[in-house]
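Just so you know, the sequence shown maps onto residues -26 to -1, 1 to 158 in mature numbering (1 follows the signal peptide of the UniProt record, and there is no 0). Each residue gets a CB set at the ideal place from its N, CA and C atoms; glycine is no exception. Nothing here was measured: the structure is a model prediction, and the numbers come from that model.
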Amino acid sequence: MRLARSLASWLLAALCQRGDAGSAEAASVMGPLRGEFGFLSQFYNITPQEARERVQTLHIAFGVMEFELRDAFESFSKPPSAHEQEWGAPVGDGRIRREIIQAYASEAAALGGRSWLVVNAAATDPGDGELQGNATVAGQFSVGGAPLMDPARGETGLPIANPSQRSVLEDAVIPCFQRRATAR
């Protein structure tokens, strides 16, 4: 639960810039899709203005209102610290700049859209025994022969990195999908 809460707090406070992750305003970001879904994955070697223009281009050309930020976290086991302005990407040898993430998120919000940080709640850094707890590690995922992450499964079969994250999945993710399914 520590990992899921820290990632969720970082997402809501740092990316969406909505202040306290427990506030009603932060909780109101859920709801029906507002438009098409688009992906943003470059967080380095561009300016904040170029980041804003990418959001605008996706919005104008394709009607994108939901912006997924791919692999913008520091590692599979922890978010970057609140004071870090730049960190290494978890995949490959790229870099992530906080100001680029904030530019993407603020431009999406200015257009009435939303930005989403993709986190893998079913993975930890390779060999992170502390966070894996008593979850069953389901192997190791490697890229180019180098270990990238350890996917894990909890006792219920839900893919989770730590059994205490099950409540986060059951309380937030699963009901969200159930509400969408019953609304159709």
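Which of the three DSSP states, helix, strand or coil, is assigned to residue i?
i, result
"A126", "strand"
"G103", "helix"
"I74", "helix"
"R69", "strand"
"V29", "helix"
"S(-4)", "In this predicted model, S(-4) has a pLDDT of only 38, less than 50, meaning its place in the structure is not dependable; the value taken from the coordinates is given anyway. Reduced to three states, the DSSP call for S(-4) is coil."
"A79", "helix"
"E58", "coil"
"P64", "coil"
"P53", "coil"
"A46", "coil"
"P121", "strand"
"A35", "helix"
"D109", "Sequence check: residue 109 is Ala here, not Asp. Three-state result, A109: coil."
Within 10 angstroms of the Cβ of residue i, are there 16 or more other Cβ atoms? Answer buried if so, exposed if not.
i, result
"P64", "buried"
"P125", "buried"
"E24", "exposed"
"G113", "exposed"
Which residues in the same chain have their Cβ closer than 6 Å to the Cβ of residue i, if we skip the five residues on either side of it in sequence?
i, result
"L14", "F41, L43 and Y78"
"M123", "F50, A97 and F115"
"D85", "Residue 85 is actually Leu in this sequence, not Asp. Here the set comprises H33."
Counting contacts by CB-CB distance shorter than 7 Å, is residue i in contact with chain D?
i, result
"F17", "Of the protein chains in this structure there is only one, and it is not chain D."
Within the same chain, show all residues whose beta-carbon is closer than 8 Å to that of residue i, passing over the 5 residues directly before and after it, in chain order.
i, result
"R58", "Rather than Arg, the amino acid found at residue 58 in this sequence is Glu. Contacts found: E48 and R72."
Since residue i contacts residue j with CB under 8 Å, what's their CB separation in whole angstroms?
i, j, result
"A82", "R88", "6 Å"
Among residues of its own chain, excluding the 5 on either side of residue i, which ones have a beta-carbon nearer than 7 Å to its beta-carbon?
i, result
"L7", "E40"
Using 8 Å as the threshold, is the segment 45 to 56 in touch with the segment 95 to 107, meaning 3 or more CB pairs across them?
By the criterion of at least three beta-carbon pairs nearer than 8 Å, the segment 45 to 56 is in contact with the segment 95 to 107.
Using 8 Å as the threshold, is the segment 71 to 89 in touch with the segment 104 to 119, meaning 3 or more CB pairs across them?
no
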